[in-house]
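To start, the structure itself, in structure tokens.
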């Protein structure tokens with residue numbers, strides 16, 4: 002297990018005041034918040050910052066953490082000394098909110114797991130009470146083709162589960178899910194009764210799966226519309242041609258490229274986007290690519306072009 | 101030879117097929133109902149219906165409400181702050197999509 006330097010994570014000195022710690026946390030939390038920052042790794046950073054703050058904002062936890070001394074370095078191998086937290090008492094409450102189950106091994110070895118409150122309202126349910134189980138949320142990645150054709154996928158989810166003694170552990174749970182045709186990135190699939198277990202006659206909560214697509218090297222997706230960049234040779238664009246293009250559904254379409262096609266002038270293939278009641282469109286974006294002139298014959302071909310045209314591409318610059 | 105029968109779980113696409121009550125939104129976001137009411141009064145969410153008991157939230161509201169709940173909890177934003185952040189996030193997403201549409205590799 003690696004030691005985590007929470008002061009370094011927040012970028013504050015060991016003697017920092019509560020106000021300084023709070024300000025540093027807020028600044029980093031805004032920067033890395035996964036709803037705000039879409040960069041890869043932001044969510045990881047956000048969790049680390051949150052974990053550091055959960056310890057340092059809490060007088061008892063901070064005192065216990067400080068007692069381990071200032072000589073530990075971030076990433077150093079670490080085993081908690083025996084009885085290191087003797088005499089400290091924690092009033093452990095909702096760490097992390099919607100991101101439970103994300104503490105590092107280091108945090109858990111020192112402070113245990115955050116307690117998960119059933120029903121989202123806190124408090125220990127008394128025996129004999131009936132209430133509905135918690136709703137769970139998870140993100141899953143699917144292929145763009147699955148949205149075109151519909152699919153059946155077995156997905157693995159890591160769910161924090163609590164046993165009868167209140168111990169929490171992360172368990173892998175496999176679910177066989179039908180992906181409906183026409184689903185789009187950012188949409189949620191609600192699986193009724195697949196969330197947390199209820200109490201008494203309360204029934205289980207629901208599971209919400211937020212859908213996103215695996216990055217695709219060929220297509221870009223905007224809602225229900227799909228974009229495909231189509232490289233064209235200069236003569237193909239100038240004279241017109243017919244090309245075969247692959248569709249995300251797996252078929253091939255024959256596309257007529259009109260003479261005089263310019264880079265960036267989109268061609269719309271109506272209703273070839275993601276299907277739904279109102280299907281999206283597939284846009285083909287021509288991109289004219291120039292072959293390099295390497296052999297003598299190729300150079301002559303470019304020189305012949307120059308002679309054939311009275312082409313002044315920089316006329317407007319008056320250069 | 102035995103065949104294993106897999107039962108595929110079918111869900112409903114929240115954004116297209118589902119309308120949610122304030123109780124359902126509250127449960128899904130773990131945000132208390134009074135907080136959801138304050139988002140409605142600030143225009144963060146626009147349910148159909150005249151009173152909280154009749155409110156019907158479109159599926160699109162769920163994502164907004166989830167983000168609002170995260171921002172409220174994680175950054176301790178107040179309701180006007182959440183409203184402003186969501187508007188700015190919408191604007192960023194609109195601009196990102198515009199770049200994506202025009203991008204040439």
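Chains as they are written, first to last, in our numbering: chain X, 2 to 320; chain E, 101 to 205.
Positions of the beta carbon are idealized from the N, C-alpha and C atoms, including for glycine.
Here residue 157 of chain E is bridged, per DSSP, to E/120. In the three-state scheme derived from DSSP, where H, G and I count as helix and E and B as strand, residue 298 of chain X is classed as helix. Between residue 62 of chain X and residue 112 of chain X a beta carbon distance of about 6 angstroms is seen, short of the 8 angstroms cut, so the two are scored as contacting. Between the alpha carbons of residue 22 of chain X and residue 154 of chain X lies a distance of about 45 angstroms. Excluding sequence positions up to five before and after residue 171 of chain E, its CB lies within less than 6 angstroms of the CB of 177, 182 and 185, all in the same chain and listed in chain order. Residues of the segment 106-121 of chain E whose Cβ lies closer than 8 angstroms to any Cβ of chain X, in chain order: 106, 107, 108, 109, 110, 111, 112, 113, 114, 115, 116 and 118.
The straight-line gap separating the alpha-carbon atoms of residue 141 of chain X and residue 216 of chain X is approximately 13 angstroms.
Proximity to residue 151 of chain E across E/132, E/121, E/162 and E/129 peaks at E/121, based on C-alpha coordinates.
Taking 9 angstroms as the CB threshold, residue 184 of chain X lines the interface with chain E. In the assembly as shown, residue 312 of chain X is an exposed residue. Its beta-carbon has fewer than 16 other beta-carbons within 10 Å. For residue 214 of chain X, there is no enclosing alpha helix (DSSP H); the enclosing beta strand (DSSP E) covers residues 208-214. Taking the beta carbon of residue 178 of chain X as reference, the chain E residues within 9 angstroms of it are 108, 109, 110 and 111, listed in sequence order.
By the neighbour-count definition (other C-beta atoms within 10 Å, threshold 16), residue 202 of chain X is an exposed residue. Cβ contact annotation for residue 205 of chain X (same chain, cutoff 8 angstroms, sequence separation greater than five): 133, 134, 194, 195, 196, 197, 198 and 199, in chain order. For residue 268 of chain X, the enclosing beta strand (DSSP E) starts and ends at 268-270.
Close to residue 189 of chain X, with beta-carbon spacing below 8 angstroms, are these residues of chain E in chain order: 113, 114, 115, 159, 162 and 163.
Within the segment 174-256 of chain X, the complete alpha helix (DSSP H) runs of at least 4 residues fall at 235-240.
Within a 10 Å sphere around the beta-carbon of residue 137 of chain X sit 16 or more other beta-carbons, which makes this residue buried. Taking the C-beta atoms as reference points, residue 153 of chain E is found no nearer than 9 angstroms to residue 180 of chain E. Under the DSSP assignment, residue 199 of chain E falls in the alpha helix (DSSP H) whose first and last residues are 179-202. In the structure shown, the three-state DSSP call for residue 31 of chain X is helix. Beta-bridge analysis with DSSP links residue 139 of chain X to X/210. DSSP links residue 288 of chain X through a beta bridge to X/232.
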